[in-house]
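Trainee: Provided herewith is a single structure, encoded as structure tokens, for subsequent inquiry.
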Amino acid sequence: MQAQDLTVRRGTEVLFKALSFTLHAGQLVWLRGSNGSGKTSLLRVLAGLSKPDSGQLRWNAEPLNQSEDYRAKLVYMGHANALKDDLTAMEALRFLTTVHGRACPQDRMEAALRRMGVFHRRKLPVRMLSQGQRRRVALARLVLEDRPGFWVLDEPFDALDDAGLTLVQELFRENVQRGGTVLFTSHIAVQPEGLPLTELRLQGMRA
Amino acid sequence: MNPMLALLARDLRLASRRPAEALLPVVFFVVAASLFPLGVGPEANTLKTIAPGIVWVCALLSSMLSLGSMYGSDYADGSLEQMLISSMSGFELAVAKCFAHWLMTGVPLLLVSPLLGLLFGLGWEAIGLLALGLLLGTPILSMMGGMGAALTLGLRNSAVLILLIVLPLCIPVLIFGAGAVSAAEAGLAPDGHFYLLGAMLLLTSLGAPVATAAALRISV
Chain A
36 MQAQDLTVRR GTEVLFKALS FTLHAGQLVW LRGSNGSGKT SLLRVLAGLS KPDSGQLRWN
96 AEPLNQSEDY RAKLVYMGHA NALKDDLTAM EALRFLTTVH GRACPQDRME AALRRMGVFH
156 RRKLPVRMLS QGQRRRVALA RLVLEDRPGF WVLDEPFDAL DDAGLTLVQE LFRENVQRGG
216 TVLFTSHIAV QPEGLPLTEL RLQGMRA
Chain B
798 MNPMLALLAR DLRLASRRPA EALLPVVFFV VAASLFPLGV GPEANTLKTI APGIVWVCAL
858 LSSMLSLGSM YGSDYADGSL EQMLISSMSG FELAVAKCFA HWLMTGVPLL LVSPLLGLLF
918 GLGWEAIGLL ALGLLLGTPI LSMMGGMGAA LTLGLRNSAV LILLIVLPLC IPVLIFGAGA
978 VSAAEAGLAP DGHFYLLGAM LLLTSLGAPV ATAAALRISV
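So the sequences go chain by chain: A and B.
Residue numbering for the first sequence follows this note's numbering, beginning at 36 and increasing consecutively.
Residue numbering for the second sequence follows this note's numbering, beginning at 798 and increasing consecutively.
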């Protein structure tokens, strides 16, 4: 993944300009920056949800938005969990995996929910789960990934307890060891054991 | 399972979890239409003349009722983002959403329309024509509505704005749908009206999902 001279504006305010970076397979990258420095906007651009105002994004020398390979590898999770309140945890997870073309058998999904510690809640509607449990159900998608993927995660540790934090870092490690890339934002300092952590800093334009 | 089918199945399941909300449009349809005889008076011939128009106007309004939540709830909880970057294209997303909306509002309207026809004293032939018109017309309403819903996503007062955008676009459907029954009642052939409705249906199914997909990309 290569970004060249990216500029992103929100309204008339320039969040960052002439931002260039390269991400390689097997990297764990912590995207840092103060509030309002454009972390979420950058992640949305990388996920293909919005377009940069100028600059280029390339994936293996191919433009990002035309790359089928990138679409297949991308896993994006925003602030919102993308779970429907009226579906059960299991149904919500099944819908998300199916829509992304990663449908998998029932027992694998059950195992994923068990690993995230929400298996006993699988038949409850999402609206009856706590914030942390919802996050865990949403993150169960990452357990089901078995290919080296490009993960773009916006505050994945939000609402998680310490055990959850460790669990997610384990998932990061697995993906990185498979040869995938993880790019995440977090306001909590994390240091997964035995994994080099690269930092990518966004300097606010106002500073 | 195909992502489009998964989305369709999910929307239907969500509706079944909230039956009261899902039935709202059809209840509104029946109640609103049955107010007219009370207001206009029980003169059988007058009612018969205005019946097709009333049924169509009420169908139009009731299919607008659930538009606000068509993309609104998916937008709010982040599902829409996920669907837009999924393996499904924006066009497929819009088609699946509109089809689900039609199954949940258009089809129930279609099914109760004979009841309203009887209420207004229409003959069986006129009732058949009315239902045929609704069969061709209600999918157009769902697709136009989906476009309006996508355009107004994330705006305040979007409910009113949707009506202002969509209602004018639906006027031709109203004219030819109601016109078919009136023409038959007057002893003319209604075929032309149906041909035009069919043509509008084809045109909308090609154009509206493309516009909806583009609007969703802008709004999200």
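Just so it is clear, CB atoms sit at the ideal spot from N, CA and C, and this is done for glycine as well.
Going by alpha carbons, who is nearest to D120/A out of N799/B, G875/B, K845/B and S884/B?
Mentor: The shortest C-alpha separation from D120/A is found at G875/B.
Trainee: Once you ignore the five residues that flank A242/A on each side, which residues in its own chain have a CB closer than 8 Å to its CB?
Mentor: For A242/A, the predicted model reports a pLDDT of 43, less than 50, meaning its position is unreliable; a value from the coordinates is still stated below. Only S69 meet the Cβ criterion.
Trainee: Would you call the segment 182-191 of chain A and the segment 94-111 of chain A in contact, with 3 or more CB pairs under 8 Å?
Mentor: Yes, the segment 182-191 of chain A is in contact with the segment 94-111 of chain A.
Trainee: Check whether the Cβ of T133/A lies closer than 7 Å to any Cβ atom in chain B.
Mentor: So, interface residue.
Trainee: Taking the Cβ atom as the reference point for each residue, do A897/B and L805/B lie within a distance shorter than 7 Å?
Mentor: yes
Trainee: If we cut at 7 Å on Cβ distances, does G995/B have a partner in chain A?
Mentor: no
Trainee: Quick check: the segment 118-133 of chain A against the segment 71-89 of chain A, are at least 3 beta-carbon pairs closer than 8 Å?
Mentor: no
Trainee: With distances taken Cα to Cα, identify the nearest neighbour of A1012/B among P936/B, C967/B, G914/B and Y872/B.
Mentor: Closest in C-alpha terms to A1012/B, from the list P936/B, C967/B, G914/B and Y872/B, comes Y872/B.
Trainee: DSSP puts Y111/A in a beta bridge; with which residues?
Mentor: V187/A
Trainee: Could you pull out every residue in the same chain whose Cβ sits closer than 7 Å to the Cβ of D197/A, ignoring the five residues on either side in sequence?
Mentor: Spatial neighbours of D197/A in its own chain (CB-CB distance under 7 Å, excluding positions within 5 residues in sequence) are not present.
Trainee: F192/A by DSSP, collapsed to three states: which one?
Mentor: coil
Trainee: Note the first and the last residue of the continuous alpha helix (DSSP H) segment covering E1022/B.
Mentor: No statement about residue 1022/B is possible, as the shown extent of chain B runs from 798 to 1017 and does not include it.
Trainee: Looking at the structure shown, is Q238/A part of a helix, part of a strand, or coil, going by DSSP?
Mentor: coil
Trainee: Is the Cβ of A115/A closer than 7 Å to any Cβ of chain B?
Mentor: By this cut-off, A115/A is an interface position.
Trainee: Quick check on F185/A - is its C-beta less than 7 Å from some C-beta in chain B?
Mentor: no
Trainee: Going by CA-CA distance only, name the one from G920/B, M997/B and S886/B that's closest to L844/B.
Mentor: Measuring from the Cα of L844/B, the nearest candidate turns out to be G920/B.
Trainee: Helix or strand or just coil, what does DSSP make of A173/A?
Mentor: helix
Trainee: What residue ranges within the segment 865-922 of chain B form continuous alpha helix (DSSP H) runs of no fewer than 4 residues, ordered along the chain?
Mentor: 865-873, 876-881, 887-898 and 904-916
Trainee: To which residues of the same chain is L81/A closer than 6 Å at the C-beta, ignoring the five residues directly before and after it?
Mentor: Contacts found: V187.
Trainee: If you follow the alpha helix (DSSP H) that D988/B is in, where does it begin and where does it stop?
Mentor: D988 to S1016
Trainee: For the alpha helix (DSSP H) holding Q141/A, just list the boundary residues, first then last.
Mentor: Q141/A -> alpha helix (DSSP H) spans Q141 to R150.
Trainee: How about F154/A and L63/A: do their beta carbons lie closer than 7 Å?
Mentor: Cβ distance not < 7 Å, so F154/A and L63/A don't count as in contact.
Trainee: Using DSSP with H/G/I as helix, E/B as strand and the rest coil, what is P839/B?
Mentor: coil
Trainee: What does the Cβ neighbour count give for H135/A, buried or exposed, with the cut at 16 atoms within 10 Å?
Mentor: Burial call: buried.
Trainee: Count the CB pairs spanning the segment 821-841 of chain B and the segment 902-918 of chain B that are closer than 8 Å, and state whether there are at least three.
Mentor: yes
Trainee: Quick one: what does DSSP say P227/A is sitting in, helix, strand or coil?
Mentor: coil
Trainee: Give me the residue from L811/B, L999/B, V1017/B and T1009/B with the minimum Cα distance to T935/B.
Mentor: L999/B
Trainee: So what's T935/B in DSSP terms, helix, strand or just coil?
Mentor: helix
Trainee: With a CB to CB cut of under 7 Å and the five nearest residues on each side skipped, what residues in its chain are close to R129/A?
Mentor: M144
Trainee: Thinking A983/B and G930/B are a contact (beta carbons under 8 Å), I'd like their distance in whole angstroms, please.
Mentor: The beta carbons of A983/B and G930/B sit about 15 Å from each other, so the pair does not count as a contact at 8 Å.
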